[in-house]
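In numbering that gives the first Met the number 0, the protein residues as written are 0 to 264.
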Amino acid sequence: MSGTALDPTFTAVDSPAFSRAQIEALATGGLAALRVPRLFGPDLVGGTVGRLHRLPAADYQPARTAMTRFGPALNDYRHPDGGLDADRYWHDAETARAQWRGTGFDPDPTRLCLDALGDAWGEALRPATIGGRPAFVGMLREINAGTLIHYDDIRLEYPDGLFDQEIVAQLTFNLWLVVPGDGGETTVWRHRWALADDVHRHKYGYTPAVVENYQEVTVTPELGDGLLFNPNNYHTVRPNGEGHRRITLAFFFGLTPEGSLVAWS
Numbered sequence: 000m001s002g003t004a005l006d007p008t009f010t011a012v013d014s015p016a017f018s019r020a021q022i023e024a025l026a027t028g029g030l031a032a033l034r035v036p037r038l039f040g041p042d043l044v045g046g047t048v049g050r051l052h053r054l055p056a057a058d059y060q061p062a063r064t065a066m067t068r069f070g071p072a073l074n075d076y077r078h079p080d081g082g083l084d085a086d087r088y089w090h091d092a093e094t095a096r097a098q099w100r101g102t103g104f105d106p107d108p109t110r111l112c113l114d115a116l117g118d119a120w121g122e123a124l125r126p127a128t129i130g131g132r133p134a135f136v137g138m139l140r141e142i143n144a145g146t147l148i149h150y151d152d153i154r155l156e157y158p159d160g161l162f163d164q165e166i167v168a169q170l171t172f173n174l175w176l177v178v179p180g181d182g183g184e185t186t187v188w189r190h191r192w193a194l195a196d197d198v199h200r201h202k203y204g205y206t207p208a209v210v211e212n213y214q215e216v217t218v219t220p221e222l223g224d225g226l227l228f229n230p231n232n233y234h235t236v237r238p239n240g241e242g243h244r245r246i247t248l249a250f251f252f253g254l255t256p257e258g259s260l261v262a263w264s
């Protein structure tokens, strides 16, 4: 199919709550993005943001992308042979869990988000496991300068498999805790990685040519909104306006052949 062919189902929709049908549509390509406005109300956002200063944050590889974050991402713990650097990952995951507990979040914002998705699915959303151990879930990211166009696909990142559970579809969740007054939009394209795309590689992502003529949707962040989309599609975050900040709570989750959902960061 040509990149210029339009799919009428590839749209971004707002909904008062997540639903199983919408999650299935995202997983199968029948929907581009789903936003739940004010998933967190102002008081809950304020209570969460008010404790973020208790968490250590680090600049994430500033030579690649300007980002400050808390929590380990599995994509950063790959050996050159494609396996997991397990010792380093589990050390960082357990450290992050202890630091998260030490903030005194009440209620725990990650737990609330997982529960909202689990309620929609009709079954609790649990962490994916690696050798029986639960993966870390719930990364905080401050992205002010935007990102390159890129995709995320755990099956390509770990082609020999990583989790005890097989993943047949992957989605990403973002909760906007601090929103910029200018910029910070998320754009998703109806195009997934193909080998020919690698001529457009640039640093950790791709040049705009990789999505030229492909259908796109853009979602503008609002405080407390929850957003779902399929990260196998190319996507990007636009830069904020000067002096503006953008902080999200984010994680991935996947559908297993048995119909369960499991999460990781």
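For glycine and all other residues, C-beta sits at the position ideal for the given N, C-alpha and C.
Bear in mind the structure is a predicted one, so any value in this text is a computation, not a measurement.
- Local conformation of residue 21 per DSSP, three classes: On the sequence shown, position 22 is the one that residue 21 refers to. Of the three classes helix, strand and coil, the one that applies to residue 21 here is helix, per DSSP.
- Message: Restricting to Cα atoms, I'd like to know which of 116, 96, 159, 225 is closest to residue 137.
- Response: The count along the sequence shown starts at 1 and reaches residue 137 at position 138. Considering only alpha carbons, the answer is 96.
- Message: Using a 10 Å radius around the Cβ and a threshold of 16 neighbouring Cβ atoms, would you call residue 203 buried or exposed?
- Response: Walking along the sequence shown from the start, residue 203 turns up at place 204. Residue 203 is exposed by the Cβ-count criterion.
- Task: Could you work out which residue in 21, 28, 149, 226 is closest to residue 35 when comparing CA atoms only?
- Result: Within the sequence shown, residue 35 is the residue found at index 36, counting from 1. The shortest C-alpha separation from residue 35 is found at 226.
- Sequence ranges, beta strand (DSSP E) only - wholly within the region 127-207, length at least 3: For the region 127-207, whole beta strand (DSSP E) runs of length 3 or above, ordered along the chain, are 138-141, 168-177, 185-191.
- Message: Which residue wins for smallest C-alpha separation from residue 153, given the options 23, 252, 12, 14?
- Response: Counting from 1 along the sequence shown, the entry for residue 153 is found at position 154. Out of 23, 252, 12, 14, 252 has the C-alpha closest to the C-alpha of residue 153.
- Message: Less than 7 Å between C-beta atoms, sequence neighbours within five positions excluded: which residues of the same chain meet that for residue 279?
- Response: Limits of the chain in this structure are 0 at one end and 264 at the other, which puts residue 279 out of reach.
- Could you give the distance in angstroms between the alpha-carbon of residue 27 and the alpha-carbon of residue 9? Numbered from its first residue, the sequence shown carries residue 27 at position 28. Numbered from its first residue, the sequence shown carries residue 9 at position 10. The alpha-carbon atoms of residue 27 and residue 9 are separated by roughly 11 Å.
- Message: On a Cα-Cα basis, can you pick out the residue from 98, 145, 86, 106 that is closest to residue 129?
- Response: Numbered from its first residue, the sequence shown carries residue 129 at position 130. Checked all of 98, 145, 86, 106; the closest Cα to residue 129 is 86.
- Message: Which residues does DSSP list as the beta-bridge partners of residue 234?
- Response: Stepping through the sequence shown from its first residue, residue 234 is reached at position 235. BP columns for residue 234 point to 149, 187.
- Message: Going by the DSSP bridge assignment, what does residue 226 pair with across the sheet?
- Response: One-based indexing of the sequence shown puts residue 226 at position 227. Looking at the DSSP assignment, residue 226 forms a beta bridge with 34, 173.
- Going along the chain, which residues of its own chain have a beta-carbon closer than 8 Å to the beta-carbon of residue 264, five neighbours each way excluded? Mapped onto the sequence shown, residue 264 falls at position 265. Closer than 8 Å at Cβ, skipping near neighbours: 70, 71, 72, 73, 134, 135, 136, 137, 138, 249, 250, 251.
- Give every residue of the same chain whose Cβ lies closer than 8 Å to the Cβ of residue 131, excluding the five residues on either side of it in the sequence, and list them in chain order. In the sequence shown, the residue the question calls residue 131 occupies position 132. The answer, listed in chain order, is 163.
- Query: Buried or exposed: residue 141, going by 16 or more other Cβ atoms within 10 Å of its Cβ?
  - Reply: Locating residue 141 in the sequence shown gives position 142, where the first residue counts as 1. That one is buried.
- Query: residue 78 to residue 159, Cα distance in whole Å?
  - Reply: As a position in the sequence shown, residue 78 is number 79, starting the count at 1. As a position in the sequence shown, residue 159 is number 160, starting the count at 1. So the two alpha carbons sit approximately 12 Å from each other.
- Query: For residue 210, does the count of other Cβ atoms within 10 angstroms reach 16, so buried, or fall short, so exposed?
  - Reply: Counted from its first residue, the sequence shown places residue 210 at position 211. Residue 210 comes out buried.
- Item | Residue range of the alpha helix (DSSP H) that includes residue 105 | Along the sequence shown, read from residue 1 onward, the residue named residue 105 stands at position 106. From DSSP, residue 105 is part of no alpha helix (DSSP H); its letter is neither H nor E.
- Message: Considering only DSSP beta bridges, list what residue 267 is partnered with.
- Response: It is not possible to answer for residue 267, since the shown part of the chain is limited to 0 through 264.
- Query: What's the call for residue 234, buried or exposed, on a 16-neighbour Cβ count within 10 Å?
  - Reply: As a first step, residue 234 must be located in the sequence shown, where it is residue number 235. Its Cβ being crowded by 16 or more others within 10 Å, residue 234 is buried.
- Message: Let me make sure I understand the geometry here. Which of 67, 254, 76 has the alpha-carbon closest to that of residue 168?
- Response: One-based indexing of the sequence shown puts residue 168 at position 169. It is 254 whose Cα lies nearest to the Cα of residue 168.
- Between the CA atoms of residue 193 and residue 149 - distance to the nearest angstrom: Taking the sequence shown and counting its residues from 1, the one referred to as residue 149 is at position 150. Taking the sequence shown and counting its residues from 1, the one referred to as residue 193 is at position 194. Straight-line Cα distance between these residues: approximately 12 Å.
- With a cut-off of 8 Å, do at least 3 Cβ pairs link the region 117-125 to the region 37-51? no
- Item | Inter-stretch contact (C-beta, 8 Å, three-pair minimum) for the region 234-244 and the region 95-112 | Counting Cβ pairs under 8 Å, fewer than three are found: no touch.
- Item | Beta-carbon separation (whole angstroms), residue 224 vs residue 38, contact threshold 8 Å | If you number the sequence shown from 1, residue 224 lands on position 225. If you number the sequence shown from 1, residue 38 lands on position 39. Contact holds; Cβ gap of about 6 Å.
- Expected contact under 8 Å - CB spacing of residue 188 and residue 220 to nearest Å: Taking the first residue of the sequence shown as 1, we reach residue 188 at position 189. Taking the first residue of the sequence shown as 1, we reach residue 220 at position 221. Residue 188 to residue 220, Cβ: 18 Å. No contact.
- Task: Below 8 Å CB to CB, which residues in the same chain sit around residue 231 once its five sequence neighbours on both sides are set aside?
- Result: What you label residue 231 is simply residue 232 of the sequence shown in a count that begins at 1. Result list for residue 231: 150, 151, 152, 169, 191, 192, in chain order.
- Count the other CB atoms, across all protein chains shown, that sit within 10 Å of the CB of residue 229; report buried if there are 16 or more and exposed otherwise. By one-based count along the sequence shown, residue 229 stands at place 230. Buried, since its Cβ has 16 or more Cβ neighbours within 10 Å.
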